[in-house]
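Below is one structure, written out as structure tokens; the observations come after it.
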Amino acid sequence: IPVDIFDIVVFGGTGDLALRKLMPSLFLRDHDGQIPDGSRILGVSRSDLSSADYVARLRAGLEQHLDQDDLDDGTWQRFSARIAHVRLDATKAEGWDGLVQDLKDGEDRSRVFYLATSPDLFGPICRNLKTAGVVTPKARVVLEKPIGRDLESACRINDEVGTVFNEDQIFRIDHYLGKETVQNLMALRFANSLFEPLWTSASIDHIQITVAETIGVGGRSGYYDRSGALRDMVQNHLLQLLCLVAMEPPVRLDKDSVRDEKLKVLQALRPIADGDVGVKTVSGQYRSGAVDGQAVPGYQDELNAEADGDAPESNTETFVVIKAEVENWRWAGVPFYLRTGKRLPKRSSEIIIQFRPVPHSIFEQGAGEVVANRLVIRLQPDEGVTLNLMTKDPGPGGLRLRPAPLNLSFAETFKVRYPDAYERLLMDVVRGNPTLFMRRDEVEAAWSWVEPILEGWQRGSERPKAYTAGTWGPSAAIALIERDGRTWHDDA
Ligand code: BG6
5 IPVDIFDIVV FGGTGDLALR KLMPSLFLRD HDGQIPDGSR ILGVSRSDLS
55 SADYVARLRA GLEQHLDQDD LDDGTWQRFS ARIAHVRLDA TKAEGWDGLV
105 QDLKDGEDRS RVFYLATSPD LFGPICRNLK TAGVVTPKAR VVLEKPIGRD
155 LESACRINDE VGTVFNEDQI FRIDHYLGKE TVQNLMALRF ANSLFEPLWT
205 SASIDHIQIT VAETIGVGGR SGYYDRSGAL RDMVQNHLLQ LLCLVAMEPP
255 VRLDKDSVRD EKLKVLQALR PIADGDVGVK TVSGQYRSGA VDGQAVPGYQ
305 DELNAEADGD APESNTETFV VIKAEVENWR WAGVPFYLRT GKRLPKRSSE
355 IIIQFRPVPH SIFEQGAGEV VANRLVIRLQ PDEGVTLNLM TKDPGPGGLR
405 LRPAPLNLSF AETFKVRYPD AYERLLMDVV RGNPTLFMRR DEVEAAWSWV
455 EPILEGWQRG SERPKAYTAG TWGPSAAIAL IERDGRTWHD DA
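When the letters of the sequence shown are read in order and numbered with UniProt numbering, they come out as residues 5 to 496.
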């Protein structure tokens with residue numbers, strides 16, 4: 005879908021997110037012919053870089069993060085000509101003349117301010133944008149997650165940004181919502197009549213949502229150590245996935261209908277506070293181990309290495325499990341087990357819908373166990389959907405049962421390149437479509453649920469439990485689900 009000519013200004017222009025995700029995504033959109041002639045891309049940072057230096061840095065980033073086949077010369081010529089670097093300390097009110105000058109003659113274009121910075125700077129940057137006079141009616145601001153570090157700071161940031169931009173101009177990004185397979189979840193649920201009648205506590209025993217990563221924190225510990233897995237992944241990505249699985253069918257696929265339904269799910273989450281925190285949550289921190297056959301250091305070792313010696317002992321969790329419950333008619337009694345962590349055995353994001361067993365087995369004992377059906381939605385890698393069914397073991401040897409998968413692999417079926425989430429979301433911002441972005445009330449409702457868990461951990465004197473890198477977290481994570489008579493399906 006074509007978009008109108010636009011200018012995008014990336015604050016944090018030399019940062020990890022800009023180099024790893026934002027610029028490669030804009031490049032790929034240019035490659036596909038979606039960026040209109042004359043559109044400009046400005047990277048803002050405090051570094052003393054010429055635009056040529058900046059372009060060279062972006063080039064190195066693209067070489068590292070894109071397939072060489074995508075990096076063709078024609079697109080590069082076009083793309084690099086759009087780029088400029090603006091040296092600016094955006095937290096100060098003075099020094100904005102260069103940016104004002106660069107944006108001149110673009111007042112009627114879509115203008116995107118992407119704040120790829122720490123959330124403490126969102127308010128000050130927005131204020132300074134206003135003072136500099138660059139907030140036009142078609143201006144939009146993109147806020148990277150996490151918005152704040154608790155409910156109070158999220159509200160403050162939302163208030164501050166809200167004095168400069170109205171809600172329709174504010175795009176709170178959660179890149180999970182831009183992933184093809186996450187959107188596919190809506191297609192699966194609402195474009196098939198098969199699942200909806202079963203999508204209730206009458207047929208579903210429980211749901212597992214896992215976002216497992218093999219990477220550690222190395223290089224990002226400055227941010228991560230103040231954040232931890234609950235703030236970095238659960239408050240946003242995992243809760244958004246939970247919302248998409250659990251929400252009622254929206255009246256239409258528009259921004260408010262979808263977000264209203266997600267909000268209701270967040271509001272229906274049973275609070276986990278005080279004594280429940282120790283029972284319904286587990287936090288962990290990785291120790292040295294091996295992932296994919298490679299020895300890797302522990303989390304504290306990485307902190308020590310970065311501090312050139314001994315860093316203070318960290319209580320930051322790199323792993324979380326939570327037993328969440330959605331208290332409404334559809335989901336009463338159906339736990340949602342959420343799990344995420346770094347340095348786990350494989351990179352895999354999955355939603356598993358575990359159906360209830362058949363009420364009665366007509367098969368003889370020797371026929372084998374009747375395993376309850378399971379729908380596995382694989383978000384990454386190897387995106388697809390698998391429905392585990394029971395079948396008859398082929399052959400003449402009597403009626404023996406065997407589980408077998410009905411497997412849909414998107415890569416094999418559709419044979420297309422999946423765009424990165426940021427490609428889709430950046431173009432949605434330019435178009436002004438906030439459906440796949442978080443509304444203020446959603447972010448605040450998510451913090452309201454997460455905050456008592458953070459407080460419970462702080463009050464309890466327990467540190468996150470140690471787990472060896474390359475394993476599925478501390479044994480307490482397994483005990484949590486086994487207490488309920490269930491198991492994690494790690495090789496679903
Ligand atoms: C980011 C987190 O939001 O998501 C990172 O800050 C995490 O810690 C990343 O690694 C995971 O995203 P993806 O798209 O690789 O699953």
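Every residue, glycine too, gets a C-beta built ideally from N, C-alpha and C.
Source: prediction; values computed, not measured.
Which residue's Cα is closest to the Cα of residue i: the options?
| i | options | result |
| --- | --- | --- |
| L155 | Y426, V375, P123 and A470 | P123 |
| I45 | Q68, D77, R82 and L70 | R82 |
| Q358 | I177, F117, T204 and P423 | T204 |
| Q271 | E387, E317, E331 and H241 | E331 |
| T214 | R351, L484 and T121 | R351 |
| G460 | T140, V283, D74 and L189 | V283 |
| V249 | I129, M190, A473 and T218 | M190 |
| I211 | A94, G337, Q239 and G232 | G337 |
| S197 | F169, P253, G99 and I12 | P253 |
| L107 | V59, F10 and N170 | F10 |
| P40 | A473, S54 and S114 | S114 |
| P361 | M442, V300, N377 and I355 | N377 |
| T167 | F199, G182 and I129 | I129 |
| E329 | T320, P339 and E321 | P339 |
| G464 | T285, Q187, R263 and Y228 | T285 |
| A136 | Q462, T95, E148 and V186 | T95 |
| F31 | A311, D112 and P423 | P423 |
| T140 | E111, S231, R160 and S479 | E111 |
| R406 | K419, L391, G388 and V375 | V375 |
| R421 | V262, W80, A64 and E387 | E387 |
| V186 | V380, I366 and L484 | V380 |
| G370 | P385, D397 and N392 | D397 |
| W453 | I366, L234 and P201 | L234 |
| P301 | R160, R490 and G220 | G220 |
| W333 | L273, G313 and K327 | L273 |
| A104 | E373, G436 and K134 | Reading the sequence as shown, one finds Val at residue 104 and not Ala. Answer by Cα proximity: K134. |
| T121 | E265, R467, L484 and D20 | D20 |
Locate the beta strand (DSSP E) running through residue i, then write down its first and last residues.
| i | result |
| --- | --- |
| D352 | Residue 352 is actually Ser in this sequence, not Asp. Here the beta strand (DSSP E) through S352 covers S352 to F359. |
| K396 | G388 to K396 |
| T214 | I208 to A216 |
| T472 | K469 to T472 |
| E329 | F323 to E329 |
| A294 | G293 to V295 |
| Y180 | Note, Y180: premise wrong, no beta strand (DSSP E); not H, not E. |
| D11 | F10 to F15 |
| Q244 | Segment L243 to A250 is the alpha helix (DSSP H) holding Q244; no beta strand (DSSP E) there. |
Which residues bound the alpha helix (DSSP H) around residue i?
| i | result |
| --- | --- |
| G279 | G279 to K284 |
| S84 | D77 to R86 |
| V454 | R444 to R463 |
| K266 | K259 to A272 |
| Y227 | S225 to Y228 |
| P339 | First-last for P339: P339 to G345, but that is the beta strand (DSSP E), not the alpha helix (DSSP H). |
| residue 4 | Because residue 4 is not part of the residues shown, which for the chain are 5 to 496, the question remains open. |
| R382 | Premise fails: R382 lies in the beta strand (DSSP E), R378 to Q384, not in any alpha helix (DSSP H). |
| P28 | M27 to H35 |
| K134 | F126 to A136 |
| I161 | L155 to G166 |
| L107 | D101 to L107 |
| I485 | S479 to E486 |
| R193 | E184 to F194 |
| Y303 | Y303 to E310 |
Please look up how many angstroms separate the CB atoms of residue i and residue j, rounded, as I've assumed it's under 8 Å.
| i | j | result |
| --- | --- | --- |
| A88 | N132 | No, A88 and N132 are not in contact; Cβ-Cβ is about 19 Å, not under 8 Å. |
| I276 | I457 | 5 Å |
| V48 | G17 | 5 Å |
| Q173 | R144 | 5 Å |
| E448 | A85 | That belief does not hold up - the Cβ atoms of E448 and A85 are roughly 42 Å apart, past 8 Å. |
| R291 | Y471 | 7 Å |
| V59 | V434 | Between V434 and V59 the Cβ distance is about 22 Å, and since that is not below 8 Å, they are no contact. |
| E321 | Q289 | 6 Å |
| A408 | T417 | Not a contact, Cβ separation roughly 19 Å. |
| S318 | D229 | 6 Å |
Output yes or no for whether 9 Å exceeds the beta carbon distance between residue i and residue j.
| i | j | result |
| --- | --- | --- |
| V146 | Y118 | yes |
| F126 | V165 | yes |
| Y341 | V325 | yes |
| N162 | I177 | no |
| L26 | Y426 | yes |
| L403 | L245 | no |
| L70 | P6 | no |
| K346 | T475 | no |
| F169 | F441 | no |
| T439 | K259 | yes |
| residue 497 | V269 | Outside the shown range of the chain (5 to 496) lies residue 497, about which nothing can therefore be said. |
At the 9 Å Cβ level, is residue i part of the contact set with chain C, yes or no?
| i | result |
| --- | --- |
| G337 | Absent from the structure is chain C; it holds one protein chain and no more. |
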